[in-house]
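Visitor:
Protein chains: 2
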Amino acid sequence: MSIRIGILGYGNLGRGVECAIKHNPDMELVGVFTRRAPESVKILTETAKVYSVDDAEKMKDQIDVMILCGGSATDLPEQTPKYAQWFNVVDSFDTHKRIPEHFANVDKVASENGHVGIISVGWDPGMFSLNRMYANAILTNGKDYTFWGKGVSQGHSDAIRRIKGVKDGKQYTIPVEAALEAVRSGKNPELTTREKHTRECFVVAEEGADLARIENEIKTMPNYFDEYDTTVHFISEEELKRDHSGIPHGGFVIRTGKTGWNDENSHVIEYSLKLDSNPEFTSSVIVAYARAAYRMNQEGQNGCKTVFDVAPAYLSALSGEELRKHLL
Amino acid sequence: MSIRIGILGYGNLGRGVECAIKHNPDMELVGVFTRRAPESVKILTETAKVYSVDDAEKMKDQIDVMILCGGSATDLPEQTPKYAQWFNVVDSFDTHKRIPEHFANVDKVASENGHVGIISVGWDPGMFSLNRMYANAILTNGKDYTFWGKGVSQGHSDAIRRIKGVKDGKQYTIPVEAALEAVRSGKNPELTTREKHTRECFVVAEEGADLARIENEIKTMPNYFDEYDTTVHFISEEELKRDHSGIPHGGFVIRTGKTGWNDENSHVIEYSLKLDSNPEFTSSVIVAYARAAYRMNQEGQNGCKTVFDVAPAYLSALSGEELRKHLL
Chain U
1346 MSIRIGILGY
1356 GNLGRGVECA
1366 IKHNPDMELV
1376 GVFTRRAPES
1386 VKILTETAKV
1396 YSVDDAEKMK
1406 DQIDVMILCG
1416 GSATDLPEQT
1426 PKYAQWFNVV
1436 DSFDTHKRIP
1446 EHFANVDKVA
1456 SENGHVGIIS
1466 VGWDPGMFSL
1476 NRMYANAILT
1486 NGKDYTFWGK
1496 GVSQGHSDAI
1506 RRIKGVKDGK
1516 QYTIPVEAAL
1526 EAVRSGKNPE
1536 LTTREKHTRE
1546 CFVVAEEGAD
1556 LARIENEIKT
1566 MPNYFDEYDT
1576 TVHFISEEEL
1586 KRDHSGIPHG
1596 GFVIRTGKTG
1606 WNDENSHVIE
1616 YSLKLDSNPE
1626 FTSSVIVAYA
1636 RAAYRMNQEG
1646 QNGCKTVFDV
1656 APAYLSALSG
1666 EELRKHLL
Chain X
1346 MSIRIGILGY
1356 GNLGRGVECA
1366 IKHNPDMELV
1376 GVFTRRAPES
1386 VKILTETAKV
1396 YSVDDAEKMK
1406 DQIDVMILCG
1416 GSATDLPEQT
1426 PKYAQWFNVV
1436 DSFDTHKRIP
1446 EHFANVDKVA
1456 SENGHVGIIS
1466 VGWDPGMFSL
1476 NRMYANAILT
1486 NGKDYTFWGK
1496 GVSQGHSDAI
1506 RRIKGVKDGK
1516 QYTIPVEAAL
1526 EAVRSGKNPE
1536 LTTREKHTRE
1546 CFVVAEEGAD
1556 LARIENEIKT
1566 MPNYFDEYDT
1576 TVHFISEEEL
1586 KRDHSGIPHG
1596 GFVIRTGKTG
1606 WNDENSHVIE
1616 YSLKLDSNPE
1626 FTSSVIVAYA
1636 RAAYRMNQEG
1646 QNGCKTVFDV
1656 APAYLSALSG
1666 EELRKHLL
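Which chain is which? The protein sequence lines are U and X, in order.
In terms of my numbering, the first sequence opens at residue 1346 and continues consecutively.
In terms of my numbering, the second sequence opens at residue 1346 and continues consecutively.
(1) Counting Cβ pairs, one atom from each stretch, are 3 or more of them under 8 Å apart for the segment 1660–1671 of chain X and the segment 1476–1496 of chain U?
(2) In the structure shown, what three-state DSSP assignment does U:P1470 receive?
(3) Chain U partners of X:H1612, CB-CB under 9 Å?
(4) Does the beta carbon of X:C1364 come closer than 8 Å to any beta carbon on chain U?
(5) Within this structure, are the beta carbons of X:D1674 and X:Y1639 separated by less than 8 Å?
(6) The alpha helix (DSSP H) that contains X:I1505, what's its start and end?
(7) Determine, using beta-carbon pairs with one atom in the segment 1616–1626 of chain X and one in the segment 1538–1555 of chain X, whether at least three such pairs fall under 8 Å.
(8) Rounded to the nearest angstrom, what separates U:D1469 and U:F1653 at their Cα positions?
(9) For a cutoff of 8 Å on Cβ pairs, would you count X:A1524 as touching chain U?
(10) On a CA-only basis, which of X:V1655, X:I1388, X:N1647 is nearest X:N1433? Give me that one, please.
(11) Which word fits U:G1376, buried or exposed, when buried means at least 16 other C-beta atoms lie within 10 angstroms of its C-beta?
(12) Straight-line CA distance for X:I1614 to U:E1584?
(13) Could you check if X:H1542 is buried or exposed, using at least 16 other CB atoms within 10 Å of its CB as the buried criterion?
(14) Could you tell me which chain U residues have their CB closer than 7 Å to the CB of X:S1661, listed as they occur along the chain?
(15) Is there a Cβ of chain X sitting closer than 8 Å to that of U:T1651, yes or no?
(16) Considering only the alpha carbon of each residue, which of X:S1456, X:V1398, X:S1502 lies closest to X:I1592?
(17) Do X:E1562 and X:I1508 have their CB atoms nearer than 8 Å?
(18) Check each residue of the segment 1439–1453 of chain U: if its Cβ is closer than 8 Å to any Cβ of chain X, include it; give the result in chain order.
(19) Sort X:A1656, X:E1535, X:I1483, X:E1572 by Cα distance to X:A1523 and report the nearest one.
(20) Pull up the CB-CB distance for U:S1437 and U:G1467, whole angstroms please, since I reckon it's below 8 Å.
(21) Report yes if the C-beta distance between U:S1465 and U:T1651 is below 8 Å; otherwise report no.
(22) Closest by CA to X:T1419, which one among X:M1404, X:A1429, X:R1443, X:T1491?
(23) What are the partner residues of X:G1596, as DSSP defines its beta bridges?
(24) Along chain U, in chain order, which residues have C-beta atoms closer than 8 Å to that of X:V1367?
(25) Which two residues bound the contiguous alpha helix (DSSP H) that contains X:R1669?
(26) Compare the C-beta of X:D1654 with all C-beta atoms of chain U and state if any pair is closer than 8 Å.
(27) Is the shortest distance between the beta-carbon of U:N1486 and the beta-carbons of chain X less than 8 Å?
(28) Starting from U:F1448, trace the alpha helix (DSSP H) in both directions and tell me its first and last residue.
(29) Apart from the five residues just before and just after X:I1599, which ones in its own chain have a Cβ nearer than 6 Å to its Cβ?
(30) Does U:M1478 come out as helix, strand or coil in the three-state DSSP assignment?
(31) To which residues of the same chain is X:R1506 closer than 6 Å at the C-beta, ignoring the five residues directly before and after it?
(32) Anything in chain U within Cβ reach of X:S1474, meaning under 7 Å, just list it in chain order.
(33) Please state if the CB of X:L1620 and the CB of X:H1594 are separated by a distance shorter than 8 Å.
(34) I need the straight-line Cα distance from U:R1695 to U:P1520, nearest angstrom please.
(35) Select from U:I1631, U:N1607, U:S1617 the residue whose C-alpha is nearest the C-alpha of X:K1367.
(36) Rounded to whole angstroms, what is the Cα-Cα separation between X:Y1569 and X:C1546?
This is the structure in structure tokens:
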């Protein structure tokens, strides 16, 4: 029998989950739950239905895992604990600072109701966290580095679009190759914000707007751009659409460390991602963890978990025997 | 209280484990067990003792985890099941083909005696296996590639040394950069053995030996060299000692795959290691899994496990709360 999945929230991430389920034959999409009018939402899966979020509770016996695809700012802090009372849940909560609080809230409800809730799943937090953790456990005497990009930062793109005279815009975060090389060399450099990443902006200005002022406002914007070397390109709306409509991302997690009785040997562990579609990759990670949530719950586990708490084998559709034979 | 560790077998790996324990303050080396005369074995840890393997059983209440540092060909198939009757055990069994059989043997004894045995720990099998598995679970529609090197292959170095007229030698396995680039580009190339790796040999010949014959014997040696582009350098004994006495290794695990309703987006997941000392890195992985074996056993688990069965958090000396706060 398939693992029956529900999707709550049908934006880029929800659609990505739908696509990922198509690539996992042991799973089945039962329904998409939306705050919009259900009849206004068109989904891709012919065998699934669109429901109002208000009908979610009624579906608690038809769904094994509810995947929460809302945003971290306001949706998930409320939704994940709420839906954990009726379902096993997985979310991609990514506000690092608030994870301890979110964990506690989900843990309480999931434990009380005998469900598993896996939070902060994706690639950062998610696969990057896992790789930081494994590398730290192995090379206890070492140093961590995380670089992001090349990829689109939604937050920085939004910040550009809020500037007067800007019609549209897209921002790429780019790791500095020289910094990556210095890290890989095992030199353990101390890197400033400016040394690690550059920012590149593609901006569509409104007709007659003061381009010099816009460029200056971007480059000096506190928190977002002032600590970086930023490049601004003004382009046409057509160019933006043609060349910058994707949502690529990626990055690097590197740990360098020493071993030996006198720390005489150096090692470099590096994990990297190059993603055409940030939401579709994130969704693919989430769907694997939905399988884990289901299985762990079937075995009688409950409460809140993160990627650190999930034994890798739970993620795979293969049996332990097959995994040992083919992937060990 | 510290986790009390025993080391069985004191070669490169055993010494590496000893060094790794020094870097993990929650662990303590109790003793090294050897088949040699104990008084002939000098270890680095002043607070630990050297024992005869025959005294291992007597120490079963003084040691939480016995780390088995023998070879995969003949030592571990016998030792790991044997010592699992008295201890939680960890080994680095790396004969891929025989893993299912080894797993079954260890599982039987460990289960019957209430111990945890974690087998095939290191980097391949080990961290490379884990990365293959995670990447497969995420990108279900994709292709795996593993490259090894640049590093010393003990087996190939031994093979060179068996040739008549060869006094000493060292062989490096080197991944072909063009093949790596083709894989990273997402082209899903089908690569032959020759296209993936080259082999470079540094050979010290006996005086008056026929160098042309030696070079030819190496290059045409079935299984070891005939399917590769091999370079042979004749050097002096001093040069070999000066430039080639290390045991570096490393490699790359790459999975490329597609997501999207019509497979329209490509992704690359890459994990790589660059290691100054193969045995010391392997040992560092093993020691982290020794922590896991101890903890899982403390929680009442038993039987044989692999890296696929161990939740990442068990490897770290940090608490779940600290992990979520600092590494998620």
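In this text, a Cβ means the ideal position worked out from N, Cα and C, and glycines have one as well.
Guide: Let me spell this out:
(1) yes
(2) As a working mapping, residue 1470 of chain U is identified with position 125 in the first sequence. In the structure shown, U:P1470 sits in coil (DSSP, three-state: anything other than H, G, I, E or B).
(3) The residue given as residue 1612 of chain X occupies position 267 in the second sequence. What X:H1612 touches in chain U: G1595, L1618, K1619, L1620, D1621, S1622, E1625, F1626, S1629.
(4) Counting from one through the second sequence, the residue named residue 1364 of chain X turns up at place 19. Output row for X:C1364: interface = yes.
(5) Here chain X comprises residues numbered 1346 to 1673, so residue 1674 of chain X is not present and cannot be evaluated.
(6) Residue mapping note: residue 1505 of chain X aligns to position 160 of the second sequence, counting from 1. Taken as a continuous stretch (DSSP letters only), the alpha helix (DSSP H) holding X:I1505 covers 1499–1506.
(7) no
(8) By 1-based counting over the first sequence, the position of residue 1469 of chain U is 124. By 1-based counting over the first sequence, the position of residue 1653 of chain U is 308. Going from the Cα of U:D1469 to the Cα of U:F1653 covers about 13 Å.
(9) In the second sequence, residue 1524 of chain X corresponds to position 179, counting from 1. No, no contact with chain U.
(10) Taking the second sequence and counting its residues from 1, the one referred to as residue 1433 of chain X is at position 88. If we check each option's Cα against that of X:N1433, X:N1647 comes out closest.
(11) In the first sequence, counting from the first residue as 1, residue 1376 of chain U sits at position 31. By the 10 Å Cβ count, U:G1376 comes out buried.
(12) On the second sequence, position 269 is the one that residue 1614 of chain X refers to. On the first sequence, position 239 is the one that residue 1584 of chain U refers to. Rounded to whole angstroms, X:I1614 to U:E1584 spans 30 Å at the Cα level.
(13) Along the second sequence, read from residue 1 onward, the residue named residue 1542 of chain X stands at position 197. Buried is the call here.
(14) Residue mapping note: residue 1661 of chain X aligns to position 316 of the second sequence, counting from 1. Chain U residues near X:S1661: M1478, N1481, A1482.
(15) For the purposes of this step, residue 1651 of chain U is identified with residue 306 of the first sequence, where counting begins at 1. So, interface residue.
(16) Working through the second sequence from its first residue, we reach residue 1592 of chain X at position 247. It is X:S1502 whose Cα lies nearest to the Cα of X:I1592.
(17) As a first step, residue 1562 of chain X is located in the second sequence; it is residue number 217 there, counting from the start. As a first step, residue 1508 of chain X is located in the second sequence; it is residue number 163 there, counting from the start. In this structure, X:I1508 lies closer than 8 Å to X:E1562 by Cβ.
(18) H1441, I1444, P1445, F1448
(19) The residue labelled residue 1523 of chain X in the question sits at position 178 within the second sequence. Out of X:A1656, X:E1535, X:I1483, X:E1572, X:E1535 has the C-alpha closest to the C-alpha of X:A1523.
(20) By 1-based counting over the first sequence, the position of residue 1437 of chain U is 92. By 1-based counting over the first sequence, the position of residue 1467 of chain U is 122. Confirmed, Cβ separation roughly 4 Å.
(21) To locate residue 1465 of chain U, count along the first sequence from 1; it is residue 120. To locate residue 1651 of chain U, count along the first sequence from 1; it is residue 306. Closer than 8 Å, so yes.
(22) Your numbering for residue 1419 of chain X matches position 74 in the second sequence. Per the Cα distances, X:R1443.
(23) Residue mapping note: residue 1596 of chain X aligns to position 251 of the second sequence, counting from 1. X:G1596 is bridged to X:W1493, X:L1618.
(24) For the purposes of this step, residue 1367 of chain X is identified with residue 22 of the second sequence, where counting begins at 1. Position check: residue 1367 of chain X holds Lys in this sequence, whereas Val was assumed. W1606, listed in chain order.
(25) By 1-based counting over the second sequence, the position of residue 1669 of chain X is 324. X:R1669 -> alpha helix (DSSP H) spans 1665–1671.
(26) The residue you call residue 1654 of chain X lines up with position 309 of the second sequence. Interface residue, yes.
(27) Counted from its first residue, the first sequence places residue 1486 of chain U at position 141. Yes, U:N1486 lies at the interface with chain X (some Cβ there is under 8 Å from its Cβ).
(28) Numbered from its first residue, the first sequence carries residue 1448 of chain U at position 103. Element bounds for U:F1448: 1444–1457.
(29) The sequence position of residue 1599 of chain X within the second sequence is 254, counting from 1. Same-chain partners within the cutoff: Y1490, V1528, E1615.
(30) The sequence position of residue 1478 of chain U within the first sequence is 133, counting from 1. U:M1478: helix per DSSP, three-state reduction.
(31) As a position in the second sequence, residue 1506 of chain X is number 161, starting the count at 1. Excluding sequence neighbours, X:R1506 sits near G1514.
(32) For the purposes of this step, residue 1474 of chain X is identified with residue 129 of the second sequence, where counting begins at 1. Simply L1672, L1673.
(33) Here residue 1594 of chain X is taken as the residue at index 249 of the second sequence, counted from 1. Here residue 1620 of chain X is taken as the residue at index 275 of the second sequence, counted from 1. Yes; because the gap between Cβ atoms is below 8 Å, this pair is in contact.
(34) Residue 1695 of chain U is absent from the structure shown; chain U starts at 1346 and stops at 1673.
(35) Counted from its first residue, the second sequence places residue 1367 of chain X at position 22. Closest option to X:K1367, Cα to Cα, is U:N1607.
(36) In the second sequence, residue 1569 of chain X corresponds to position 224, counting from 1. In the second sequence, residue 1546 of chain X corresponds to position 201, counting from 1. Each residue's alpha carbon lies about 12 Å from the other.
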